[in-house]
Structure formats: C-alpha cells, structure tokens
Amino acid sequence: MKHISDRTLETVAIACTGGATRPEILERTKLAPRTVTRAITALDDNGELEKFRSGKDHIEYYFIGDPKELATLDKRDRKEKTTGIRLTPHESTIHQMLRTKNMTVGEISRTLNKPTGVSKEYVYTILQSLRDKGFSVSVDEARKQAVLDKDVEARPFEPLELEPLYKHKITIGAISDTHFGSKFQQPTLVQTAYQIFDESEVDFVLHLGDLVEGMKLYRGQDQEIFLHSADEQADYTLNNYPVRSAYKTYIISGSHDLVFKKLAGFDIVNNICSQRSDLVYKGEHGAHTFKMKNLTFEILHPSGGVPYAKSYRLQKVIEGALGDIISHLRTSKDLSIIPHFMLMGHLHIMNYTPHIGIDGFMVPCLQMQTPYLKAKGLMPELGVLIINVWCDDDWNVNRITLDHRKFNAYGKENDF
Numbered sequence: 004m005k006h007i008s009d010r011t012l013e014t015v016a017i018a019c020t021g022g023a024t025r026p027e028i029l030e031r032t033k034l035a036p037r038t039v040t041r042a043i044t045a046l047d048d049n050g051e052l053e054k055f056r057s058g059k060d061h062i063e064y065y066f067i068g069d070p071k072e073l074a075t076l077d078k079r080d081r082k083e084k085t086t087g088i089r090l091t092p093h094e095s096t097i098h099q100m101l102r103t104k105n106m107t108v109g110e111i112s113r114t115l116n117k118p119t120g121v122s123k124e125y126v127y128t129i130l131q132s133l134r135d136k137g138f139s140v141s142v143d144e145a146r147k148q149a150v151l152d153k154d155v156e157a158r159p160f161e162p163l164e165l166e167p168l169y170k171h172k173i174t175i176g177a178i179s180d181t182h183f184g185s186k187f188q189q190p191t192l193v194q195t196a197y198q199i200f201d202e203s204e205v206d207f208v209l210h211l212g213d214l215v216e217g218m219k220l221y222r223g224q225d226q227e228i229f230l231h232s233a234d235e236q237a238d239y240t241l242n243n244y245p246v247r248s249a250y251k252t253y254i255i256s257g258s259h260d261l262v263f264k265k266l267a268g269f270d271i272v273n274n275i276c277s278q279r280s281d282l283v284y285k286g287e288h289g290a291h292t293f294k295m296k297n298l299t300f301e302i303l304h305p306s307g308g309v310p311y312a313k314s315y316r317l318q319k320v321i322e323g324a325l326g327d328i329i330s331h332l333r334t335s336k337d338l339s340i341i342p343h344f345m346l347m348g349h350l351h352i353m354n355y356t357p358h359i360g361i362d363g364f365m366v367p368c369l370q371m372q373t374p375y376l377k378a379k380g381l382m383p384e385l386g387v388l389i390i391n392v393w394c395d396d397d398w399n400v401n402r403i404t405l406d407h408r409k410f411n412a413y414g415k416e417n418d419f
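Basically our numbering = 1-based index in the sequence shown + 3.
Here is the structure:
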C-alpha cells in the first residue's frame with residue numbers, strides 16, 4: 004500500500020468528525036476514492052475511527068481523535084493514546100455532561116458536534132464504549148435518558164486525629180497461681196511483681212486464682228507442701244502477700260483454694276480478703292464479669308490441662324462466653340456485659356490471643372515446677388503481665404501494649 008501523507012489523513016479525519024458516510028467523505032474532501040479508502044483503513048487500524056452502519060448500504064465513520072495531532076504523532080503514538088482508559092474527545096464530552104446532570108440521548112446527540120449534531124445511534128455507541136472502559140453508564144429506555152453513577156472523585160485522605168483515640172489510659176497488673184503453702188512457692192518473686200506493678204503505676208491488679216496451695220487435691224501433694232491446714236495457709240498468706248494502699252488486688256478462687264471449701268466448707272480466699280482492705284474477693288473459679296474504669300473484664304480459673312495449641316483453650320472459652328452473652332442480650336439489652344478483656348489462670352502458661360472482639364490473656368504463674376507437673380511433662384512459665392490500655396471517650400480500646408515480665412531464670416528453691 005502506498006504511503007498516506009499526514010495531510011491526507013488529517014483531511015479525511017476532519018471530514019469524519021461528527022460522522023460521515025463514504026460518499027460524504029468523498030464529497031467533503033474531493034479526494035480520489037482509492038485515497039479515501041486507504042486513509043479510512045489507516046485511521047481504523049490506528050483505532051481512531053468508530054464505525055456504525057447507517058441503513059442497509061452505508062457505514063458511517065466517526066473520527067475519535069484530534070485531527071491536529073495527526074501531523075505531529077507517528078502511528079505508534081497515535082494508537083497508544085487510544086489504549087487503556089484514555090477517553091476520546093466525544094467520550095470525554097459525554098462523560099463530563101453526565102457528571103453534571105442526566106441527559107436524554109437526543110439531548111446528547113444535538114450537543115455533540117454543534118451545529119450539525121450526531122446520530123442517536125452514534126451516541127449509543129459512545130455510551131457502550133464508556134461502559135466498556137469501566138464507567139457505570141446506563142440508559143433508562145422508558146425515558147431514553149442516559150445516567151452516570153457518579154464516579155468517586157480523587158481527594159486527599161487526612162489521617163485521624165490521634166490524641167482523642169488515646170485519651171484515657173488504664174494500666175492493669177495480672178498475676179496468678181501463687182500457691183502459698185507449697186514448697187515450690189515464690190514469695191520473693193511475688194514481692195518483685197508488686198514492685199514492678201508500683202513502678203508501672205497500675206490502676207489495679209487481677210489475681211486469677213490458686214492464691215494458696217490447698218491440700219489433698221492429688222496423691223503425693225502432702226509431700227509438696229510445708230503448711231498442712233487451712234488456718235496455717237491463710238495466716239501465712241495474710242502475713243506474706245504484698246500490702247498496697249495505692250491500688251487494690253481483685254482475686255478469684257482457684258481449684259487449689261476451693262479444696263478447703265470442699266473438705267470443710269471454708270472459703271479461704273474470701274476469708275483472707277475479708278481481713279485485708281487492699282484485697283477484694285470476686286468469687287469462685289468460674290467466669291466473673293465486672294467493670295473497672297469503664298472497661299468490662301471477665302476473669303476465670305478454668306479446669307483441665309494444657310492443650311497442644313496454647314491458644315486453643317482461650318479461643319474456645321471466649322467463644323463459649325459469647326454464647327452466654329448473646330442469650331443475656333436477648334433479654335437485658337445491656338451491652339456493658341460484653342467484655343473487653345478475658346483473663347484466665349490455672350494453666351501456668353502465658354498467651355495473648357485477640358479473638359472475635361475480645362482480648363484474651365493466659366496469665367503465667369509464680370510457682371516452680373512441682374513433682375506433679377514434672378511427671379506430666381509440664382514446664383510452668385513464671386512471670387506476670389502489665390497490660391497498658393488506651394481508649395477514646397466512648398471507651399473503645401484503641402491501643403494495647405503488653406509488658407510480659409518473665410521470671411523463669413530467677414525462681415528459687417526452698418523459697419519458704
């Protein structure tokens with residue numbers, strides 16, 4: 004095929020602006036039919052023509068580029084400008100009009116390429132092209148009205164103001180399984196824990212059960228204790244558990260504590276707390292939900308052993324608790340019963356698991372490995388937790404930092 008000059012292409016393109024059949028192009032350009040055919044083919048190959056059948060015998064051609072660019076851009080550049088999401092001039096015009104208001108197909112056809120206008124069929128072609136390029140354009144056939152679901156405008160996104168998110172800070176100390184009365188107790192580390200709580204300026208402390216060792220809970224336990232009665236263990240704990248006036252410690256009973264209740268009806272933790280203003284009894288080892296500083300806590304001392312997957316027990320307990328919560332909500336409608344935090348003792352290990360909207364903690368212990376635990380192949384994790392919480396004015400928990408103090412290297416033998 005002979006080379007087509009840029010001037011010829013521009014002439015044919017101008018003739019096709021607004022739409023033209025081949026006879027109309029010949030009439031407007033005064034070019035030879037073969038020259039017009041070659042120009043139409045070249046423009047079509049470059050993606051710069053839209054074709055639409057007009058009646059049975061004619062095809063109407065619409066140039067969709069800028070004729071002035073034809074003399075300055077080579078074929079590759081002209082074709083590249085029509086790829087991707089670039090809009091042709093007519094597509095861009097219709098898009099801009101529809102962003103302002105919905106318009107009928109007739110209004111669009113009269114507006115394009117004034118004063119002559121374009122055919123309605125061509126308008127439908129452009130609307131379909133916009134849809135093909137990802138714009139949500141539709142036509143209400145009853146009213147012949149074109150509608151654009153407004154595209155999202157690009158706009159700057161500003162960060163949240165941080166200060167209101169972290170307006171209120173609460174610091175919680177968590178301790179568990181101190182087992183006073185056991186030969187494997189760690190009162191030195193208990194004192195150390197409370198020194199750390201002081202330095203951390205905790206608002207309160209949660210003790211997750213097994214304050215004392217108890218007795219007759221399993222075979223061979225009598226060889227692991229140095230205090231052999233409820234009175235001895237209660238008096239020893241009263242005299243050796245750290246005393247604080249700046250904050251209170253909230254305690255639940257664990258399985259070792261409750262053995263005295265089972266043997267003689269004596270609730271040893273309740274008895275100890277009744278003689279100390281800084282110790283507050285929160286009930287037996289089952290789950291207890293209560294509010295502190297506008298946050299809701301659920302604390303418990305479960306039964307059973309350590310699962311292979313450390314987080315499994317905590318996940319299942321949280322899921323079980325939610326079932327009870329949903330039942331209560333159906334009747335009480337009191338959203339304050341939904342806990343922000345769940346803390347549990349008993350397992351002598353540490354784990355933090357945020358699960359379905361509740362932050363769950365397994366609190367480590369302060370008792371060395373006993374012969375009973377060694378026989379079961381269980382190694383306790385000694386330590387305490389300091390949980391720092393930041394909330395907004397609606398008491399949404401927006402930040403948590405966990406300070407896990409690990410004491411395994413500092414356990415003492417015969418610390419009694």
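Where a beta carbon is used, it is the ideal one built from N, C-alpha and C, also for glycine.
Fair warning: this is a prediction, and the values are worked out from it, not measured in the lab.
- For the 7 angstroms CB-CB criterion, S256 and V272 form a contact.
- Rounded to the nearest angstrom, the gap between the Cα atoms of K147 and T114 is 15 angstroms.
- Here G212 carries a coil assignment [DSSP, helix/strand/coil].
- By DSSP's assignment, M353 forms no beta bridge with any residue.
- Only residues of its own chain outside the window of five on either side were considered, and among them Q318, I321 have a CB closer than 6 angstroms to the CB of H358, listed in chain order.
- For C276, the uninterrupted alpha helix (DSSP H) segment begins and ends at 271 to 277.
- Within 10 angstroms of the beta-carbon of E51 lie 16 or more other beta-carbons, which makes it buried.
- Judged by beta-carbon spacing, V215 lies beyond the 7 angstroms limit of Q198, meaning their Cβ atoms are not closer than that value.
- Burial check for L165: the Cβ neighbour count within 10 Å stays below 16, so the residue is exposed.
- Assignment of beta-bridge partners to C368 by DSSP yields L385.
- Bounds of the alpha helix (DSSP H) holding R37 are 36 to 48.
- From the listed residues I328, H407, T20, the smallest Cα separation to T91 is found for T20.
- Spatial neighbours of Y221 in its own chain (CB-CB distance under 7 angstroms, excluding positions within 5 residues in sequence) are listed in chain order as Y375.
- For the pair D281 and T181, the Cα-to-Cα distance works out to about 17 angstroms.
- Your pair L369 and A196 checks out as a contact, with CB atoms roughly 7 angstroms apart and the cut at 8 angstroms.
- Straight-line measurement puts the Cα of A177 at about 22 angstroms from the Cα of P310.
- For H407, no alpha helix (DSSP H) run applies; the uninterrupted beta strand (DSSP E) run containing it begins and ends at 400 to 409, by DSSP.
- In this structure, I302 sits near L346, with a CB-CB distance shorter than 7 angstroms.
- Excluding its 5 nearest sequence neighbours in each direction, T299 has C-beta neighbours in its own chain below 8 angstroms: T292, F293, S339, I340, I341, P342, H343, F344, listed in chain order.
- Following the DSSP letters along the chain, one finds V15 inside the alpha helix (DSSP H) bounded by residues 9 to 19.
- A direct Cα-Cα distance of roughly 15 angstroms separates S314 from G360.
- Here H304 is near G348, since their CB atoms are less than 7 angstroms apart.
- The residue among L266, I254, L209, P190 with its C-alpha nearest the C-alpha of G286 is I254.
- Between the beta-carbon of T32 and that of A16 there is about 10 angstroms, and that puts the pair past the 8 angstroms contact cut.
- Non-local beta-carbon contacts of D395 in its own chain, meaning distances under 8 angstroms to residues more than five positions away in sequence, involve P167, L168, Y169, K170, H171, N401 in chain order.
- Burial of I97 is indicated by the presence of at least 16 other C-beta atoms within 10 angstroms of its C-beta.
- Take K251, set aside five residues on each side of it, and the residues of its chain with a beta-carbon closer than 6 angstroms to its own are F207, D281, V283, in chain order.
- Distance check between T24 and each of Y125, K377, A149 places Y125 closest, using alpha-carbon atoms only.
- Ranked by Cα distance from V39, the options I62, G22, L12, F55 are led by L12.
- G386 sits close to K409, with the two beta carbons spaced by under 7 angstroms.
- Every beta strand (DSSP E) stretch that sits fully inside the region 101 to 176 and reaches 3 residues is listed by chain position as 140 to 143, 148 to 151.
- Membership of K294 in any alpha helix (DSSP H) is not indicated; the residue belongs instead to the beta strand (DSSP E) covering 291 to 295.
- D418 has no beta-bridge partner at all, per DSSP.
- For L211 against V366, the beta-carbon gap comes to about 5 angstroms, under 8 angstroms, which counts as contact.
- The residue among I173, D135, L163, L46 with its C-alpha nearest the C-alpha of W393 is I173.
- When secondary structure is reduced to three states using DSSP, I178 falls in the strand class.
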